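Since the structure comes first, as structure tokens, the remarks are kept for the end.
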Amino acid sequence: MNKEIVLATLEQRLRSPVRCALAAAFVFFASGPYLIALFVKAMPREIQGSPHGGMLALVFAAGVLGQEFSSGAPQLTFTRPLPRWQWVLSRAATCAAIASVLAILPYFPALLIGIPLDQIALAMLGQVAEAVATTAVVAGLSSIVPGLTDLALLAGANIGFGILGLFANLLRDDQARAVATWLKSHIEPWFSPKLDLVGLAHGASWSSHALLVILSTIAFWLVIAIAMSNRKELSYATD
Amino acid sequence: MRPTESTRAMPLAFLVVLGLLLLARGATAWWEGRHPPETYDRVDWKTPAEALEVSAMHKKPILYDFTADWCAPCQKMKGEVFADKSRAAQIGMMFVPSRVLDRQQEDGRNPAGVDSLQQKYAITSFPTLIAVTPDGREVGRVMGYPGSRATMDSLMVFYRRSADFRISFPDSAPAPSLGL
Chain A
1 MNKEIVLATL EQRLRSPVRC ALAAAFVFFA SGPYLIALFV KAMPREIQGS
51 PHGGMLALVF AAGVLGQEFS SGAPQLTFTR PLPRWQWVLS RAATCAAIAS
101 VLAILPYFPA LLIGIPLDQI ALAMLGQVAE AVATTAVVAG LSSIVPGLTD
151 LALLAGANIG FGILGLFANL LRDDQARAVA TWLKSHIEPW FSPKLDLVGL
201 AHGASWSSHA LLVILSTIAF WLVIAIAMSN RKELSYATD
Chain B
240 MRPTESTRAM PLAFLVVLGL LLLARGATAW WEGRHPPETY DRVDWKTPAE
290 ALEVSAMHKK PILYDFTADW CAPCQKMKGE VFADKSRAAQ IGMMFVPSRV
340 LDRQQEDGRN PAGVDSLQQK YAITSFPTLI AVTPDGREVG RVMGYPGSRA
390 TMDSLMVFYR RSADFRISFP DSAPAPSLGL
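Line by line, the protein sequences are chains A and B.
This note's numbering puts the first sequence at residues 1 to 239.
This note's numbering puts the second sequence at residues 240 to 419.
Set out below in structure tokens:
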């Protein structure tokens, strides 16, 4: 990890008003059920499912490498003998850290309405895992396409999975339905990593596979990001 | 970085870790495909006594789930309705859910509270879902498992019906007791 790259990325990401406004909106809406429960007795006092960890990662990691390559900044960065993998990991880790810190914020109001601490801790962990994994996915895609096209790729993939899910429900032929379901369940986690840990507090048994899906997805996309960054030909850059 | 090392080198450790994780991912997928983790409820079930108290306090109808561990349709309902995030949340919003687990087959007898509730609502088969007002009046029941969508549709109807009863339910009414 390179401290200067981390600080530069931190400043770059947090100085964007659009990113900050979007992040504030996601945090606000995710904490909504708990804030309302402070005043409305009839609201259920339990952890609500929310995709905000992944969304925050999208906000901060979008274009994390692609925008840089489009702007030409790495050509100057790499005039120093800085290993590219350090640059990629430093930028991705910074985005993941910002998204993770913001992803746990909505659960603090949950402490005030009496939701058990273990459930809150598990929900926080799950959101952090999703934030880190989504950052890795976006970093991987961002190394392949320029600018913010990584968002378009991810949106396209998710629309595709939605259509596949629809087919899986509507198809009458059992075999075709099984194929659609199989494709969706095996490919989607590479693009939309999810880790639901709150179930553990309700007696769900531990799934090592769910954890390995997240870890291997993170590793896979980071290796892709490093490999693609290594392939870029940059004038002035040291080899 | 060592002076001779290229800035474009891919550390071997990353590839080794990725390879190991992918192997482990495949292995656990295979293992858990044969030994699937137990399905679980996302519904926050209360005991019948707790349900009466909460229902009286919040003027919410109670949803009793009369079930048994050996009953296959009950397990199917558990996996498709109670383990589903959005359905479980919907149930929690509409009702105070209370599970009444029959242990006759396993233990030879049921706790007194379970027997009295089964007799009160004349339970003849599992699963049976019964929606009741806070003062114990039945507003509807689902017998057997007709599928997740039909179950949720019925529960919505029961919830709307219970709203009519709720208007006539006085604020100061004491929590009804079933001798639990």
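Glycine included, every Cβ here is placed at the ideal spot set by N, Cα and C.
Just so we're clear, the structure is a prediction, and the values are computed from it rather than from any experiment.
For Lys-324 of chain B, count neighbouring Cβ atoms within 10 angstroms of its own Cβ and tell me buried if that reaches 16, exposed if not.
exposed
Determine the DSSP secondary structure at Met-1 of chain A, reduced to helix, strand or coil.
coil
For Ala-307 of chain B, which beta-bridge partners are listed by DSSP?
B:Asp-341.
For Ser-192 of chain A and Ala-103 of chain A, I'd like the C-alpha separation in whole angstroms.
Cα to Cα, the separation comes out at about 16 Å.
Listing by chain order, which chain A residues have their CB less than 9 Å from the CB of Pro-250 of chain B?
Pro-83, Trp-85 and Ile-226
Residue range of the beta strand (DSSP E) that Arg-380 of chain B falls in?
Per DSSP, Arg-380 of chain B belongs to the beta strand (DSSP E) from 377 to 382.
Assuming the contact rule is C-beta atoms closer than 8 Å, Ser-294 of chain B and Pro-300 of chain B should be a hit. Round their C-beta distance to whole Å, please.
7 Å
If we define contact as Cβ-Cβ less than 9 Å, is Glu-345 of chain B a contact residue for chain A?
no
Since Gly-126 of chain A meets chain B, which of its residues come closer than 9 Å, beta carbon to beta carbon?
The contacting residues do not exist; Gly-126 of chain A stays about 12 Å from chain B at best.
When you compare the CB of His-52 of chain A with every CB in chain B, is at least one pair closer than 9 Å?
No, no contact with chain B.
I'd like to know if Lys-3 of chain A contacts chain B, where contact means its C-beta is closer than 9 Å to some C-beta of that chain.
no
By alpha-carbon positions, which one of B:Thr-367, B:Leu-302 and B:Val-371 ends up nearest to Gln-329 of chain B?
The residue with the shortest Cα to Cα distance from Gln-329 of chain B is B:Leu-302.
Determine whether the Cβ of Gly-331 of chain B lies closer than 9 Å to any Cβ atom of chain A.
For Gly-331 of chain B, the answer is yes, since a Cβ of chain A falls inside 9 Å of its Cβ.
Along chain B, which residues have their Cβ under 8 Å away from the Cβ of Glu-188 of chain A?
Within 8 Å Cβ-Cβ: nothing; Glu-188 of chain A doesn't reach chain B, min ~14 Å.
Which residues in chain A sit within 7 Å of Lys-324 of chain B, going by Cβ to Cβ distance?
In chain order: Gly-49.
In this structure, how does DSSP classify Pro-336 of chain B when only helix, strand and coil are distinguished?
strand
With a threshold of 16 other CB atoms inside 10 Å of the CB of Asp-280 of chain B, please say whether the residue is buried or exposed.
buried
C-beta contact flag for Leu-58 of chain A and Val-132 of chain A at 9 Å:
no
Can you name the residues that DSSP bridges to Val-371 of chain B?
B:Ile-301 and B:Glu-377
Please name the residue or residues paired with Lys-285 of chain B in a DSSP beta bridge.
B:Ser-337
Distance check for Ser-207 of chain A and Lys-184 of chain A, CA to CA, integer angstroms please.
19 Å
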